[in-house]
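There are 4 protein chains.
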Amino acid sequence: MVSFESDYIAGAHPEVLRRLAETNLEALPGYGTDPYCELAREKICRAVGLLDADVEFLVGGTQTNALVISSMLRDYEGVAAARTGHISTHEAGAVEYSGHKVLELAAEEGKLKPKTLRRFLEEFYADGNHEHMVFPGMVYISHPTEYGTLYTKKELEELSAICRAYEIPLFLDGARLGYGLMSYETDVTLADIAHLTDVFSIGGTKVGALCGEAVVFTRKNKPAHFMTSVKKRGALLAKGRLLGIQFDALFTDDLYFRISRQAIDMAERMKAIFIGHGIPFYIDSPTNQQFVILENERLKQLKEKAAFSFWERADESHTVVRFATSWSTTTEDLRALEEALRE
Amino acid sequence: MVSFESDYIAGAHPEVLRRLAETNLEALPGYGTDPYCELAREKICRAVGLLDADVEFLVGGTQTNALVISSMLRDYEGVAAARTGHISTHEAGAVEYSGHKVLELAAEEGKLKPKTLRRFLEEFYADGNHEHMVFPGMVYISHPTEYGTLYTKKELEELSAICRAYEIPLFLDGARLGYGLMSYETDVTLADIAHLTDVFSIGGTKVGALCGEAVVFTRKNKPAHFMTSVKKRGALLAKGRLLGIQFDALFTDDLYFRISRQAIDMAERMKAIFIGHGIPFYIDSPTNQQFVILENERLKQLKEKAAFSFWERADESHTVVRFATSWSTTTEDLRALEEALRE
Amino acid sequence: MVSFESDYIAGAHPEVLRRLAETNLEALPGYGTDPYCELAREKICRAVGLLDADVEFLVGGTQTNALVISSMLRDYEGVAAARTGHISTHEAGAVEYSGHKVLELAAEEGKLKPKTLRRFLEEFYADGNHEHMVFPGMVYISHPTEYGTLYTKKELEELSAICRAYEIPLFLDGARLGYGLMSYETDVTLADIAHLTDVFSIGGTKVGALCGEAVVFTRKNKPAHFMTSVKKRGALLAKGRLLGIQFDALFTDDLYFRISRQAIDMAERMKAIFIGHGIPFYIDSPTNQQFVILENERLKQLKEKAAFSFWERADESHTVVRFATSWSTTTEDLRALEEALRE
Amino acid sequence: MVSFESDYIAGAHPEVLRRLAETNLEALPGYGTDPYCELAREKICRAVGLLDADVEFLVGGTQTNALVISSMLRDYEGVAAARTGHISTHEAGAVEYSGHKVLELAAEEGKLKPKTLRRFLEEFYADGNHEHMVFPGMVYISHPTEYGTLYTKKELEELSAICRAYEIPLFLDGARLGYGLMSYETDVTLADIAHLTDVFSIGGTKVGALCGEAVVFTRKNKPAHFMTSVKKRGALLAKGRLLGIQFDALFTDDLYFRISRQAIDMAERMKAIFIGHGIPFYIDSPTNQQFVILENERLKQLKEKAAFSFWERADESHTVVRFATSWSTTTEDLRALEEALRE
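Chains as they are written, first to last, in this note's numbering: chain U, 103 to 445; chain E, 103 to 445; chain R, 103 to 445; chain Y, 103 to 445.
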């Protein structure tokens with residue numbers, strides 16, 4: 103059965119695995135101090151166009167979000183995010199576990215709009231009781247969002263300007279960053295992100311790695327003794343090489359971008375297939391996650407041929423489901439989908 | 103200047119202070135083990151109609167909420183509350199400090215409606231991804247709410263039934279409980295609350311005490327070694343007598359209810375004054391907090407004669423403000439208000 | 103039965119209570135913003151000899167310790183303390199509840215000796231693995247200690263010098279500070295403490311108040327938005343006046359010092375009584391807590407006439423017990439003790 | 103340069119890597135729900151001799167310790183451990199980050215002796231103030247310990263009996279478990295551990311895996327919704343297959359035990375080399391970590407030929423250092439060491 107269940111259904115990109123095998127028996131120091139981590143850091147700095155950025159590697163996405171947020175917030179602060187943001191919904195309360203509140207704001211198609219953020223901040227500081235409230239100490243956005251949508255460059259510029267006016271760091275969760283950057287419909291580059299945010303992540307788990315997220319601190323703002331904070335949260339990998347070697351491979355010869363583009367190409371062809379079968383979209387996503395509305399009977403039949411994921415009930419007789427492509431999606435997978443839909 | 107700024111502008115009811123003075127030099131054991139705490143516990147049990155309830159005394163309202171919630175939730179759980187609930191807004195993230203999320207639900211006039219709660223719980227358990235989400239492990243309501251409104255007995259019964267069906271405790275924050283019970287427009291008794299909730303608080307700070315909240319565990323469900331959990335949060339008072347003596351006084355000869363009623367009487371007369379002056383209400387509150395909409399120029403003038411609190415901007419030229427009565431509000435205070443409005 | 107069970111067996115000093123009664127019906131703003139808090143702050147500043155110190159009022163001792171420590175430590179830091187320190191033993195893990203470790207060091211007669219601290223810090227930074235360890239980010243001492251002992255001025259100077267060399271704040275827990283300052287055998291003044299520490303507390307609970315501790319930040323180092331951090335921990339008192347009025351009274355006409363001296367006088371007379379009856383001391387305490395070794399049979403008999411507290415087993419047939427005097431101890435109390443011992 | 107710096111200097115055992123490569127492109131569900139995790143669970147159950155054990159996979163050792171401890175402790179509890187235990191020293195306060203205290207007890211050669219534990223528990227419950235203290239809610243031991251030493255079966259039986267008498271779970275940290283089980287000088291089997299502990303871990307990171315620890319709950323005592331607790335701590339791996347496939351490989355054809363034995367064989371030969379060169383041992387370790395005392399000049403010379411790790415200063419002119427073997431240590435490595443020592 104063909105699977106579009108998620109963008110983490112396969113192992114690692116073969117080139118990544120090859121590098122792990124090649125270096126396997128080298129004796130290396132632990133905890134991210136090995137030369138591959140160093141190489142990967144340098145390559146990422148070059149790719150993002152900030153030679154003095156601080157780059158750190160972590161294992162997973164929720165871990166990355168919780169660590170970045172909790173190590174950068176001050177005691178009396180929380181993090182503002184769209185109500186549909188990953189940290190607000192599907193991280194089991196990891197930010198709250200660190201003792202900080204997620205200040206949930208209205209979302210539009212998964213995005214936190216600049217006007218929403220601005221109004222929230224204005225009202226917060228206008229409120230005479232705000233010393234009794236959680237101070238907004240960071241803004242979290244995901245790009246692509248949980249609904250596959252993307253911020254425009256203008257939106258990012260506005261969010262960034264607001265954050266800088268209020269002296270609040272802007273954190274961009276790039277768990278699926280490659281798919282955002284390689285979208286046919288984006289005007290946002292990696293350099294834009296490095297320029298406009300204070301910290302962002304580059305997801306490996308969903309883009310060719312077995313595991314791993316790179317965190318980029320863009321403004322000499324890495325928290326002091328960050329390694330100890332990582333250790334304190336049980337997030338420090340003894341064999342840091344596992345992350346360094348993978349990111350080194352992903353940022354060699356543009357592998358990260360090439361495989362992301364491949365997933366986008368597949369997503370666009372998948373969109374065409376859905377259109378061809380008259381299947382409506384729940385949201386207009388320019389990235390690798392496609393949300394369509396299936397009539398329940400059709401859903402039931404399709405389920406026997408293809409794996410995809412339930413998103414939410416649309417109405418009595420329809421359901422929103424998600425189909426995800428990834429670097430591992432093939433032309434054969436799409437052909438199988440087409441066939442399954444034809445039946 | 104006359105003050106309606108809050109219901110905690112004065113010290114203690116004179117009778118409460120008298121008892122503190124009378125017992126002042128008695129040598130008593132600490133940490134809530136003295137005979138006055140015991141007496142107060144017994145009187146509260148009788149007042150709520152549950153002779154085997156567990157009653158504990160704490161110092162303040164936010165402390166009480168955070169302690170009850172964090173000591174009753176399990177690791178993977180959060181607490182569901184109205185988005186306007188005190189724990190959601192004005193407790194500086196005290197629940198999150200304990201590592202737990204407040205699951206904020208839509209509010210109607212400050213209340214969490216049974217249908218809102220039911221839909222939320224149904225959708226949570228229908229969601230195939232709910233193992234990645236914070237489990238609802240408690241429901242928090244305030245009565246009166248932050249907007250002075252009250253649940254009806256029917257609403258409490260429905261909330262209670264939903265909670266019991268899902269095996270989730272229902273916690274009622276009674277920081278202003280006296281003013282709710284003594285409202286002219288309530289069908290809810292203290293015995294109803296004891297019967298329908300799993301745990302609730304009886305506020306002293308806003309109803310005649312210098313400080314102090316009583317927590318009533320209604321179903322033999324006080325967490326094991328609760329005293330140690332209190333200590334761990336820095337909330338254990340060495341001179342527990344300060345709380346015991348005050349609650350003993352408040353629950354002797356119905357003092358708590360008599361002074362609450364007095365505040366309600368004053369609030370009703372205050373409402374009549376506002377109506378008489380054509381000042382519109384922001385919300386229809388049957389308790390001691392009254393929210394009115396003032397034209398900004400009038401607000402400015404009134405401010406010189408009376409203290410009240412800013413609530414929120416209504417529109418360009420109007421503001422919502424709160425006037426609170428309490429056990430200490432006098433007829434003279436109302437006369438002063440009337441005069442100030444007349445000018 | 104006469105009681106020496108603790109220094110918090112009575113209510114408030116009558117003068118403190120009188121001031122609470124006098125001001126009881128004044129309408130005052132909440133949360134520590136009233137004029138009595140302001141007055142108390144000024145008087146404390148003058149008493150400690152630092153006119154620009156920041157003074158904040160909290161309710162209890164464990165709360166104070168946890169709040170000061172957790173709001174001043176950085177993420178990767180813990181607090182160093184004597185293994186017998188109150189935060190190490192009898193605060194139910196309140197510091198750990200805030201996510202920080204207590205780094206327990208060897209104690210000598212309840213004190214953290216300068217040489218112990220110096221060696222610990224030297225070894226910490228010499229350890230190549232210290233990035234995997236909790237960084238010492240504060241030093242906690244209690245004065246008097248849990249064993250009634252006192253630091254000498256020289257010891258405080260050395261501790262202070264070490265802390266400043268390592269840029270670590272020195273926090274002095276003064277839950278019983280008055281009894282330390284008024285000891286017959288101390289060369290440490292309040293001004294010394296203000297000068298040598300970075301933050302310290304002045305205990306009210308055990309020295310004449312119903313409740314309350316004053317925290318003095320000595321070097322313009324009060325954490326930003328401290329009030330919000332206090333609220334977040336459920337420690338913000340709505341009627342802040344309760345603390346302000348009490349500390350105002352305690353720091354008017356040297357009341358705090360006079361009643362502390364009275365307790366010390368009583369303790370010295372109590373020591374003479376024990377010596378007169380040939381009862382050995384467990385430790386040589388120059389303050390209000392006296393630890394003596396009682397033969398178990400005598401202990402049993404004495405218990406029927408006087409209250410005191412169990413400290414620890416000395417050997418098969420002897421027990422260490424504590425007798426505490428306080429501002430409320432009277433000559434009659436001592437006479438009763440003498441009589442009880444004579445029998 | 104030959105390296106004995108740690109037991110995690112190399113990548114994965116080639117057989118483990120081979121299995122990752124073989125299964126790499128299979129489309130599998132995430133979060134530990136794939137068939138390889140299931141297979142690995144079954145094989146581990148058989149290996150430990152408890153067919154109904156609950157087995158969960160986590161990424162790293164500190165993460166595993168913090169997760170097991172914090173999800174099993176109750177609010178008022180802490181974990182008792184040897185003062186030299188990994189959670190007490192080198193985990194950057196990860197247990198404290200979860201809000202719980204490590205109750206540090208005296209260690210003998212890295213071990214928590216049954217008599218030490220028994221005395222501690224007796225004294226805790228004898229103390230009339232223990233409601234103000236952190237309750238011992240779990241006992242943590244590491245096997246092998248941080249000093250390479252091993253508990254005897256009799257010691258484990260005694261610790262287990264004490265824990266059961268006090269109804270406290272016994273948790274064995276097996277980060278290096280293979281090296282303990284395969285020691286020439288142990289009478290403890292994997293079945294003994296499964297029988298005597300309540301929960302234990304089987305380390306993969308240091309025994310042939312790229313990363314990964316298996317946690318075995320031996321008594322139907324896995325915390326409810328453990329997966330959500332894992333997610334909440336940022337420890338849930340999207341590609342759970344990475345752990346499942348590795349542990350499946352390690353527990354196929356006794357690979358885990360064979361490679362552990364190989365490391366022990368190498369350690370024994372290394373010991374013989376040290377003895378042959380008259381180098382004294384700091385501690386008598388029967389496992390893969392060997393601690394020797396080097397004269398500082400010799401240390402300096404040796405450092406140019408071999409990597410090993412600093413442990414602690416012995417005296418002015420000597421230093422304790424650690425040499426670790428692992429599954430990846432070869433006969434050539436030992437030959438290189440011998441040569442380096444000869445020079």
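The beta carbon of each residue, even a glycine, is placed where N, CA and C say it ideally should be.
Asked: For the 8 Å Cβ check, are there 3 or more pairs between the segment 119 to 133 of chain R and the segment 128 to 142 of chain E?; Found: no
Asked: Quick one: what does DSSP say Thr-320(R) is sitting in, helix, strand or coil?; Found: coil
Asked: Could you run through the segment 407 to 426 of chain U and flag, in chain order, every residue whose CB is less than 7 Å away from some CB of chain E?; Found: Phe-412
Asked: Can you tell me the Cα-Cα spacing of Phe-226(U) and Glu-211(E), whole angstroms?; Found: 21 Å
Asked: What number of angstroms, rounded off, separates the C-alpha of Ser-362(U) from the C-alpha of Ser-428(U)?; Found: 7 Å
Asked: Note down, in chain order, all residues in the segment 167 to 178 of chain U with a beta-carbon under 9 Å from any beta-carbon belonging to chain R.; Found: Ser-172, Ser-173, Arg-176, Asp-177, Tyr-178
Asked: Going by the beta-carbon positions, is the gap between Gln-403(E) and Ala-337(R) smaller than 8 Å?; Found: no
Asked: Taking the alpha-carbon of Lys-334(Y) as reference, which of Trp-413(E), Ser-430(E), Gly-250(E), Tyr-178(E) has the nearest alpha-carbon?; Found: Tyr-178(E)
Asked: Which of the three DSSP states, helix, strand or coil, is assigned to Pro-137(Y)?; Found: helix
Asked: Using three-state DSSP, classify Leu-252(R) as helix, strand or coil.; Found: coil
Asked: Cys-139(Y) to Lys-215(E), Cα distance in whole Å?; Found: 43 Å
Asked: Any idea if Pro-246(E) is buried or exposed, counting beta-carbon neighbours within 10 angstroms, 16 or more meaning buried?; Found: buried
Asked: For the segment 154 to 165 of chain E, list every residue whose C-beta sits within 9 Å of some C-beta in chain R, in sequence order.; Found: Leu-160, Val-161, Gly-162, Gly-163, Thr-164, Gln-165
Asked: Note down, one range per segment and in chain order, each alpha helix (DSSP H) of at least 4 residues found wholly within the segment 155 to 231 of chain R.; Found: 163 to 174, 188 to 191, 196 to 199, 216 to 228
Asked: For Leu-252(Y), is the beta carbon positioned less than 7 Å from some heavy atom of the ligand SAH?; Found: No copy of the ligand SAH occurs in the structure displayed, which carries no ligand at all.
Asked: Between the segment 288 to 296 of chain E and the segment 362 to 371 of chain E, do at least 3 Cβ pairs fall closer than 8 Å?; Found: no
Asked: So, with DSSP's three-state summary, where would you put Ser-387(E)?; Found: coil
Asked: Per DSSP, which one or two residues make a beta bridge with Glu-315(E)?; Found: Leu-160(E), Gly-305(E)
Asked: Given this structure, state the Cα-to-Cα distance separating Glu-107(E) from Gly-151(R), to the nearest angstrom.; Found: 36 Å
Asked: Just the C-alpha distance for Gln-392(U) and Leu-312(U), rounded to the nearest angstrom, thanks.; Found: 23 Å
Asked: Could you give the C-beta distance for Gly-163(Y) and Glu-315(Y), rounded to a whole number, given that I count them as a contact under 8 Å?; Found: 6 Å
Asked: Output yes or no for whether 8 Å exceeds the beta carbon distance between Thr-251(U) and Ile-385(U).; Found: yes
Asked: Scan the segment 333 to 355 of chain U for residues whose Cβ lies nearer than 8 Å to a Cβ of chain Y and list them as they occur along the chain.; Found: Lys-333, Lys-334, Arg-335, Gly-336, Ala-337, Leu-338, Leu-339, Ala-340, Lys-341, Arg-343, Leu-344
Asked: Can you say whether Lys-217(E) is buried or exposed, counting buried as having 16 or more other CB atoms within 10 angstroms of its CB?; Found: exposed
Asked: Which same chain residues, not among the five before or five after Ala-416(E), have their C-beta less than 8 Å away from its C-beta?; Found: Tyr-384, Ile-395, Val-422
Asked: Going along chain R, which residues have a C-beta under 9 Å from Pro-325(U)?; Found: Arg-176, Asp-177, Tyr-178
Asked: Does the distance from the C-beta atom of Ile-304(U) to that of Asp-275(U) stay below 8 Å?; Found: no
Asked: Contact check, Pro-325(E) vs Ser-173(E) under 8 Å by CB: the rounded distance?; Found: 4 Å
Asked: Which class does Arg-143(R) belong to by DSSP, given the choice of helix, strand or coil?; Found: helix
Asked: How would you call Pro-238(U), buried or exposed, if buried means at least 16 neighbouring beta carbons within 10 angstroms?; Found: buried
Asked: Would you say Gly-195(Y) faces chain U, with C-beta separation under 8 Å as the test?; Found: yes
Asked: Just the Cα atoms here: how many angstroms apart are Thr-299(R) and Lys-145(R)?; Found: 19 Å
Asked: Just the Cα atoms here: how many angstroms apart are Pro-137(U) and Asn-126(U)?; Found: 14 Å
Asked: Give me the residue from Thr-432(Y), Phe-412(Y), Glu-418(Y), Ser-430(Y) with the minimum Cα distance to Arg-424(Y).; Found: Phe-412(Y)
Asked: Consult DSSP for Glu-397(U) and reduce its assignment to one of helix, strand or coil.; Found: strand
Asked: Start and end of the beta strand (DSSP E) containing Leu-338(E)?; Found: First-last for Leu-338(E): undefined, no H or E at that position.
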